[in-house]
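Numbering of the sequence shown is given in my numbering, commencing with residue 101 and proceeding in unit increments.
Below is one structure, written out as structure tokens; the observations come after it.
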Amino acid sequence: MSERWSRRRFLALAGATGLAGCVSAGSPGSDRTTAEQPNYDLSAPHDLASWDRYDPDWSSPTASPVEAAVETEVLVENLEIPWDLSFAPSGELFITERIGRIKVFDGDDVREVTRPADAIDAGSLDPGSDESSWWVEGGEGGTLGVAVHPAYPDPPVVYVYYTYEDGDERYNRVAYVDVSADDPEATETTIVDGIPADSYHNGGRLTFGPENYLWITTGDAGEEPLAADPESVAGAVLRVTPDGNPAPGNPGVGDPRVYTYGHRNPQGVTFLPDGTPVVDEHGPGGNDEVNVLVPGHDYGWPDAREVDEYPADGVHPPVANTGNATWAPSGSVFYTGDALPQWRNRLVIGALGGQHVNVVTLSQPDRDLPPADGGRRFDDEFYDDRYTATSHTTFEDELGRVRHVEQGPDDALYGVTCNRDGRAGDGFPTERDDVLVRFTPGEE
């Protein structure tokens with residue numbers, strides 16, 4: 101079944117708005133760069149104050165985020181396990197599908213841009229399937245993160261994170277392609293390679309941060325000790341220049357691309373208005389976490405993850421740990437738009453296992469806390485005392501598995517579901533899954 105989309109609803113958005121990099125020596129498949137590559141200028145300004153969402157004096161809200169209704173409108177139907185979203189400055193929306201495609205939605209069409217040639221085959225269920233299969237072909241690997249160069253369309257490049265095989269081993273890779281080329285696949289250029297991979301725990305989120313460096317989340321690939329080793333790029337958050345070199349100002353705790361380590365399977369990375377990075381990650385059977393990052397710090401995996409294991413020597417505590425509850429948090433954004441004023445200045449997280457959207461208020465010490473009625477406060481003494489987290493659940497079992505949420509250039513909030521991967525609960529996937537939605541104010 102082909103994608104169906106809402107042109108009218110999306111047009112408002114469209115109208116409103118060194119090549120090889122640091123590829124490790126001897127990395128598997130590190131010769132992926134094509135011989136005849138254009139010499140793209142990948143440079144970008146690195147001035148935090150120029151970020152369009154920069155607000156060093158931001159304040160956390162004190163009202164409940166669930167006091168006002170929020171609804172969704174479907175923009176695209178029948179996507180096939182969409183994994184990530186990245187808006188171009190021009191308003192085009194790039195979407196990865198885990199089965200191996202990069203697509204673009206520009207309001208006039210949903211079309212395929214390219215398929216990473218080396219990405220593993222990944223399967224999916226049919227829309228409306230009643231099959232329940234925890235493992236589809238490819239497992240949790242495949243074509244995952246996507247990020248548009250901040251100066252797009254000059255250069256006209258889009259970055260992608262994908263899983264590939266080299267003999268009997270799996271790895272993850274970050275590359276970019278020229279989406280304006282007649283054959284984008286032929287322009288693929290690797291910038292980070294040899295990231296450990298497995299059938300699960302691949303991380304995979306990409307985003308350009310406030311200073312136009314590329315942030316990459318990686319999982320432990322089922323090898324827990326790798327996450328505790330800052331010399332490894334597994335179980336880490338990486339920060340690199342657009343050509344893949346270590347970003348200036350990285351902490352230098354091990355591999356020069358590592359910003360933080362000790363992560364299990366981080367799938368969301370976003371930024372507070374002052375530029376501080378925030379990551380969410382999957383725990384083992386619960387114990388999902390939200391972490392506010394400090395460069396060079398160890399976030400505990402595998403030595404500390406249970407609530408009773410904190411505080412732990414040398415481990416930076418989270419701002420939230422779900423304990424026995426399971427969110428399975430995935431893509432997230434710190435929402436700063438005006439389209440949903442009740443969610444402004446809050447962390448919004450797509451939840452896979454929980455099949456909902458989490459709205460998390462990160463309150464500064466001098467601010468009143470929002471009501472916890474219908475939500476949950478994370479205020480035990482071991483938590484990171486820079487913020488107090490209060491979480492509220494929305495859209496429970498209404499959309500199914502929510503893979504990612506993203507703020508658009510029109511200040512609206514968008515999201516994609518992940519219901520065709522075999523893990524959705526009763527009632528999913530529907531005949532229209534998977535979907536791209538826009539969140540809108542509801543009727544009072």
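No residue lacks a Cβ here, since even glycine has one placed at the ideal position from N, Cα and C.
Nothing here was measured: the structure is a model prediction, and the numbers come from that model.
Measuring alpha carbon to alpha carbon, tell me which of the options ends up nearest residue i.
i	options	result
asparagine 458	Ala404, Pro509, Gly515	Gly515
valine 419	Pro377, Val170, Gly400, Tyr487	Tyr487
aspartate 320	Thr493, Val407, Arg364	Arg364
isoleucine 202	Pro165, Val258, Trp315, Ser143	Val258
valine 535	Ile199, Thr290, Gly500	Gly500
serine 159	Asp533, Phe434, Arg305	Phe434
glutamate 506	Asp473, Asp479, Ala439, Val407	Ala439
arginine 476	Ser491, Asp466, Asp468, Ser463	Ser491
threonine 540	Cys518, Asp510, Gly522	Asp510
arginine 215	Val279, Ser332, Val407	Val279
leucine 148	Tyr271, Gly354, Leu372	Leu372
Would you call residue i buried or exposed, if buried means 16 or more other Cβ atoms sit within 10 Å of its Cβ?
i	result
methionine 101	Reliability of the predicted coordinates at methionine 101 is poor, the pLDDT of 40 falling under 50, and no value is obtained from them.
aspartate 155	exposed
glutamate 192	buried
proline 255	buried
asparagine 302	buried
glycine 385	exposed
alanine 162	Contrary to the premise, residue 162 reads as threonine rather than alanine in this sequence. So threonine 162 ends up on the exposed side.
tryptophan 401	buried
proline 348	exposed
glutamine 455	buried
tryptophan 427	buried
aspartate 131	Annotation note: pLDDT 48 at aspartate 131 (below 50); position unreliable, coordinate value reported separately. Counting Cβ neighbours within 10 Å, aspartate 131 comes out exposed, since fewer than 16 surround it.
Using the C-alpha atoms, what's the distance from residue j back to residue i?
i	j	result
proline 470	alanine 168	14 Å
glycine 121	proline 145	In this prediction, glycine 121 has a pLDDT of 46, which is less than 50 and means its spatial position is unreliable; what the coordinates show is noted afterwards. Rounded to whole angstroms, glycine 121 to proline 145 spans 18 Å at the Cα level.
aspartate 388	alanine 188	31 Å
glycine 383	proline 138	42 Å
proline 296	aspartate 184	20 Å
serine 164	alanine 489	13 Å
aspartate 413	aspartate 485	16 Å
tyrosine 399	glutamine 367	15 Å
tyrosine 410	phenylalanine 482	6 Å
aspartate 152	arginine 405	35 Å
valine 392	serine 430	16 Å
glutamate 285	serine 299	25 Å
arginine 109	aspartate 209	Confidence at arginine 109 is low in this model, with a pLDDT of 42, below 50, so the placement of that residue is unreliable and no value is reported for it.
glycine 375	alanine 281	34 Å
leucine 314	proline 342	6 Å
Tell me the residue span of the beta strand (DSSP E) that contains residue i.
i	result
tryptophan 443	Careful: tryptophan 443 lies outside any beta strand (DSSP E) and carries neither H nor E.
tyrosine 264	257–266
proline 247	One point to set straight first is that residue 247 is alanine, not proline, in the sequence displayed. Counting along the chain, the beta strand (DSSP E) containing alanine 247 begins and ends at 243–248.
arginine 140	According to the sequence shown, residue 140 is tyrosine rather than arginine. Counting along the chain, tyrosine 140 falls outside any beta strand (DSSP E), and DSSP gives it neither H nor E.
leucine 185	182–187
isoleucine 220	Here isoleucine 220 belongs to no beta strand (DSSP E), and DSSP marks it neither H nor E.
threonine 196	193–197
alanine 463	Checking the sequence shown, residue 463 turns out to be serine, not alanine. Serine 463 -> beta strand (DSSP E) spans 456–463.
alanine 275	269–278
leucine 536	536–541
threonine 494	488–494
(message) Report the start-end ranges of each beta strand (DSSP E) in the stretch 300–341 that is 3 residues or longer and not cut off at the edges.
(response) The stretch 300–341 contains these whole beta strand (DSSP E) runs: 306–308, 314–317, 336–340.
(request) Counting only runs of 3+ residues fully inside the stretch 355–391, write out the beta strand (DSSP E) ranges in chain order. (result) Here the runs fully enclosed are 358–361, 366–371, 377–381.
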